[in-house]
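Here the structure comes first, spelled out in structure tokens, and everything after it is commentary.
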Amino acid sequence: MLDFLRTRWAQGTRTSPFPDGAIEFPERFRGRPALDASRCKLGCQECRGAMPSALVVPGPDGRASLDIGACLFSPEEATACQHGAISYTRDHRLAARGRADLVSGSGELPGLEALEAGTRRLFGRSLRLRSVAAGSCNGCESELVALSNVVFDMARFGVQFVASPRHADGLVISGAVSRNMLDAVHRTYEAIPDPRIVIAVGACAINGGPFRDSPEVENGVPVGIPVDLWIPGCPPHPLTVLDGLLRLLGRLEEGQGRLKA
Amino acid sequence: MKTFDELGLRNRRAVPFADVPKETVSRFRDTVLQAVRDGWRIVALFGCPEPAGGTRIVAVLGEDTRGELGALSTVVSGGYPSLTPECPEAHLFEREIAEQCGIVPEGHPWLKPVRRHPVDHGTVTGGAVKDRERYAFFQVHGEEVHEVAVGPVHAGIIEPGHFRFQAHGEEVLFLEIMLGYQHRGVERLLETRAWPNAVLVAESIAGDTVIGHASAACGAIEALARSRKTPRAQAIRGIALELERLANHIGDLGAIAGDIAYQPAAAYFGRMRGECLNLLMTISGNRYGRGLIRPGGVRFDIPPEMVTEVRARLEILAEELTAVGRLMLKNASVQARLEGVGVVSRETCVDLGLVGVAARACEVPRDVRHDHPYGVFRFAHIPVATAWAGDVLARTLVRWLEVQRSLAFVIEQVSALPRGGILAACGALRPGELVVALEEGWRGEIAHVIITDDSGRVRRHKVVDPSFHNWGALAAAMPGNQISDFPLCNKSFNLSYAGHDL
């Protein structure tokens, strides 16, 4: 008993200062990618050959745009541009409401619009989620598990993962959706009572990630399952997921991202 | 012609594929069976389409006491007499060959789907393997015998897999495991994507084993390109591999504590797992070490100021770990709860060809770092931790011992990094060669076997995750246990679905 109390005392309180305090990511952390338009040469397509992902897509003016949903956050995606136009920022906020919102000329993402008032009233202070891994590597799931540890402690915001889709308000899909899981994904979605939300976590669920165009996968969440929140990353940092969820629920103030009173 | 053990094949040493003996089917079979009786072990057994038609079956064997590897092959079309009835460790490999190549291992005792490959390698199973949708599970009949089906969607954040229990009351009579739900076609992607970008696929074979699989894949590529890593790169790879082991073992200790409702250790270990991931993030920019391991070495250095920081964080971690480890493992009720649950005997371990923590917990001291040393492990040795009881407690203890030894290793290595560069050139691959790269991932032996064609392109890239050897151990450990102990048994192995399913 004394050992237990001593250890408890030594462990202290370890909860992350998110969202009200400052969070320091290490210098090498690869957060949201950015594109420096002044360095991106008009009509130059060199990066696309060297790129290990579909991060670069044709932009509106003949220059490149970034599809952050496709980003694998590898060092190679930045070095693929010989002119140094692509770099990683340390910004962990990556989530978006619409798939098209993840495509950006500069890498900057639009503000995330919260759920409409009615749904927010239902889920805002209590959201129960069902996770389904479908053709993943277990990286995203590891970070989803980490959300429940004492550091990220997602439950302090009223968000929890539950065991049954019948008990859930929403579905979290990770993985490229293997053909072997397609049926299970649809059936889990159908088992969740309306109103329900769907969250796609990780590059795989958004566009297939590193497994893109393998004949064994669907390149992400299949057509027919409407996605309310897209969270890029490979895998997304737990705070990236938490930030996306809280902004979806309208719990964070814009700008500093502090918790609303 | 050389025999299978005269090729000079070693961990990460390529040999001409033409030297690999091409035996008749019966000689191939006899040689493999005799070698296994003589103490060799199946590292990999796979099919490779022959340019002239037919399928070349390649067996890679390992001899752990001498650190030797051997390879032999045979060409078959249609079918061949199965090895499994006399050599149970071939069981899953032969099912995989049937599914990937449409070759029937005749007399195989349980030929059923591994992952269902409708398109792999351009072949269909040709009716050799039954359609998984209409697959009839093994059933036990009798009064009060009942069946419990779990998955593929589980009651938590867990990868998909299906478990079918035959139970009598609480007692499990039989467990059948059906996997394949995570199948993404990894081997095919590794064979078709160009290096070095293919390393991103290798990093995603199992997301908790990024360093292990990327190091094995790069080790094979480097051997084929005759690229030599600098001592500094080797040390950084070793540090990253042990940090990955620390993160996962600590996480598993916490999860085992959670499964027996010992909450303090679950909470503290859960947090400390994150500290190890954060160390990997400091070094590589990603919590799982993505971006670090690249053909030719590593992409990120550990400069002197980072050494100071990493050391300081590790020393705090060491102190906290010791306190929590003692708290949990000295507790009599924790010991009593783990003891005698999910026992795997030493004989079963050897028969099934188990690797890693699962094997070492049965007093079978298999450890690639020790048996087939490579990179930094040729100079810096980590003692092999074993336990003898083969139960959940033994697997917990092995993890705890390895945590302490890996931590000491990382502190030692980071304090004395060799000078020099970190990334050597890694160019074109030698044509017509076979290479085996073994890596002791935190679950056990990871094997990547690559065969190049006449123009130096990857002809076959075979991946064997330790889980592929070890899933059978979970099925063997369950009978006689209570069905409510399944989560605990499962967690004590903590096998990868993604690594198995590929």
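Going down the list, the protein sequences come from chains A and B. Numbering follows this note's numbering, in which position 173 of the first sequence is assigned residue number 173; successive positions increment by one, without gaps. Numbering follows this note's numbering, in which position 23 of the second sequence is assigned residue number 23; successive positions increment by one, without gaps. All C-beta atoms, glycine included, are put in the ideal place defined by N, C-alpha and C. Predicted model only: the values in this text are computed from it and were never measured.
{"Query": "Interface residues of chain B facing A:Thr7 [CB-CB closer than 8 Å]", "Result": "Pro264, Tyr268, Ala323, Val324, Leu327"}
{"Query": "Local Cβ density within 10 Å of B:Arg66, reported as buried at 16 or more and exposed below that", "Result": "exposed"}
{"Query": "Neighbour list for B:Tyr135 in chain A, Cβ cutoff strictly below 7 Å", "Result": "Those within 7 Å of B:Tyr135 in chain A number zero; the least Cβ separation is about 13 Å."}
{"Query": "Beta-carbon spacing of B:Gly212, B:Leu241 below 9 Å", "Result": "yes"}
{"Query": "Closest Cα partner of B:Ile250 within the set B:Met272, B:Phe137, B:Pro85, B:Phe93", "Result": "B:Met272"}
{"Query": "Option in B:Trp110, B:Val153, B:Val145, B:His141 with minimal Cα separation from B:Tyr135", "Result": "B:Trp110"}
{"Query": "Strand pairing of A:Gln160, partner residues [DSSP]", "Result": "A:Arg128"}
{"Query": "Contact residues within the region 72-100 of chain B, judged by C-beta distance below 8 Å to chain A", "Result": "none"}
{"Query": "Neighbouring residues, chain A, relative to B:Gly178 (Cβ below 7 Å)", "Result": "Strictly speaking, residue 178 of chain B in this sequence is Met, with Gly absent from that position. What B:Met178 touches in chain A: nothing, since even the nearest Cβ is about 10 Å away."}
{"Query": "Nearest-angstrom beta carbon gap, A:Arg196 and A:Ala114 [assumed within contact, 8 Å]", "Result": "That pair is no contact at about 17 Å."}
{"Query": "Rounded separation between B:Leu400 and B:Gly325 - CA only", "Result": "In the sequence under discussion, the amino acid at residue 400 of chain B is Trp, which differs from the Leu named in the question. Those two C-alpha atoms are separated by around 7 Å."}
{"Query": "Own chain partners of B:Gly258 with C-beta closer than 6 Å, once the 5 adjacent residues on each side are dropped", "Result": "Ala266"}
{"Query": "Minimum Cβ-Cβ distance from A:Cys140 to chain B less than 9 Å", "Result": "yes"}
{"Query": "Cβ separation of B:Val60 and B:Val43, assumed to be a contact under 8 Å, to the nearest whole Å", "Result": "4 Å"}
{"Query": "C-beta contact flag for A:Ser164 and B:Gln182 at 9 Å", "Result": "no"}
{"Query": "7 Å Cβ cut-off: residues of chain B touching A:Thr188", "Result": "Val153"}
{"Query": "Proximity test, Cβ basis, 9 Å: A:Glu46 and chain B", "Result": "no"}
{"Query": "A:Leu147, enclosing beta strand (DSSP E) - first and last residue", "Result": "That residue, A:Leu147, is in no beta strand (DSSP E); it is neither H nor E in DSSP."}
{"Query": "Chain-ordered neighbours of B:Met281 on chain A, where CB pairs are closer than 9 Å", "Result": "Phe25, Pro26, Arg28, Phe29, His237"}
{"Query": "Cβ-based burial, B:Glu347 [other Cβ within 10 Å; buried from 16]", "Result": "exposed"}
{"Query": "The ligand GTP heavy atom lying under 8 Å from the CB of B:Met328", "Result": "The ligand GTP is absent from the structure shown, which contains no ligand whatsoever."}
{"Query": "Chain B within 9 Å of A:Gly98, Cβ atoms only", "Result": "no"}
{"Query": "Chain-order list of residues whose beta-carbon lies under 7 Å from that of B:Thr467 (same chain, five-residue window excluded)", "Result": "In the sequence as displayed, the identity of residue 467 of chain B is Ser instead of Thr. If we look at B:Ser467 and ignore the five residues flanking it on each side, its Cβ neighbours are Arg443, Leu495, Ser496, Gly499, His500."}
{"Query": "Three-pair Cβ contact test at 8 Å for the region 135-148 of chain A versus the region 215-235 of chain A", "Result": "yes"}
{"Query": "Close-in-space but distant-in-sequence residues of the same chain around B:Ser345 (CB under 8 Å, 5 per side omitted)", "Result": "Cys362, Gly390"}
{"Query": "CB of B:Ala380 within 9 Å of CB of B:Glu402, strictly", "Result": "no"}
{"Query": "Under 9 Å by beta carbon: chain A residues contacting B:Tyr181", "Result": "Ala133, Ala134, Gly135, Ser178, Asn180, Met181, Ala184"}
{"Query": "Where A:Pro33 sits in the DSSP three-state scheme", "Result": "strand"}
{"Query": "Straight-line Cα distance separating A:Val227 from B:Glu504", "Result": "Nothing about residue 504 of chain B can be read from this structure; chain B reaches only from 1 to 502."}
{"Query": "Straight-line Cα distance separating A:Arg30 from B:Glu309", "Result": "20 Å"}
{"Query": "Residue environment, B:Trp40, which counts as buried when at least 16 other CB atoms sit within 10 Å", "Result": "buried"}
{"Query": "A:Cys140 in three-state terms, based on DSSP", "Result": "helix"}
{"Query": "Bridge-paired residues (DSSP) for A:Trp230", "Result": "A:Ala96, A:Ala200"}
{"Query": "Interface flag, B:Thr125 vs chain A, CB-CB below 9 Å", "Result": "Low confidence applies to B:Thr125: its pLDDT is 43, below 50, so where it sits in the model is not reliable enough to give any reading."}
{"Query": "Straight-line gap, B:Leu173 to A:Ala203 (C-alpha atoms, nearest Å)", "Result": "41 Å"}
{"Query": "Cβ of B:Glu203 within 9 Å of any chain A Cβ", "Result": "yes"}
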